[in-house]
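The numbering of the sequence shown is the working numbering, which starts it at 4 and goes up by one. Glycine included, each C-beta is placed from N, C-alpha and C at the ideal position.
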Amino acid sequence: MFRCRDFFVVAAIEMTKRYNMADPVLSQLVMLKPQNAISHSFRETSPTLLPLIKSLPRIVSDTQQMQEIDDEWRSLPSAHYSLKFGV
């Protein structure tokens with residue numbers, strides 16, 4: 004029992020050595036969790052994907068493409084609802 008706990012303690016310590024836990028990108032990744040992506044209530048606190056997109060300029064730098072991605076992001080909860088309930 005204690006060996007398992009010790010393993011997780013060491014793993015957590017090693018992860019904090021390798022990753023900057025204050026990195027703003029890491030805190031925004033929760034938006035990409037599938038249940039958050041389709042949640043209407045999650046959108047009350049995180050309505051747009053633009054802050055995450057802008058913090059990753061190597062992935063997307065074209066503003067038109069950023070807007071298209073954000074539009075699709077915003078439509079996910081409604082699209083999921085339509086598929087789930089056949090509306």
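Which parts of the segment 48 to 89 are runs of the alpha helix (DSSP H), unbroken and 4 residues or longer, counting only runs that do not cross its ends?
Counting whole runs of 4 or more residues, the segment 48 to 89 contains the alpha helix (DSSP H) stretches 53 to 57, 66 to 88.
Quick check: the segment 69 to 84 against the segment 30 to 46, are there 3 or more CB pairs under 8 Å?
Judged by Cβ distances under 8 Å, the segment 69 to 84 makes contact with the segment 30 to 46, as three or more pairs qualify.
Have a look at Ser-42 and Ser-49 and give me their C-alpha separation to the nearest angstrom.
Residue 42 sits at position 39 when you count from the first residue of the sequence shown. Residue 49 sits at position 46 when you count from the first residue of the sequence shown. Approximately 10 Å, taken between the alpha carbons.
With H, G and I counted as helix, E and B as strand and the rest as coil, what does DSSP make of Asn-93?
With the chain covering only 4 through 90, there is no way to say anything about residue 93.
Measure the alpha-carbon distance for Leu-29 versus Arg-46 and round it to whole angstroms.
The sequence position of residue 29 within the sequence shown is 26, counting from 1. The sequence position of residue 46 within the sequence shown is 43, counting from 1. Cα-Cα distance, rounded: 18 Å.
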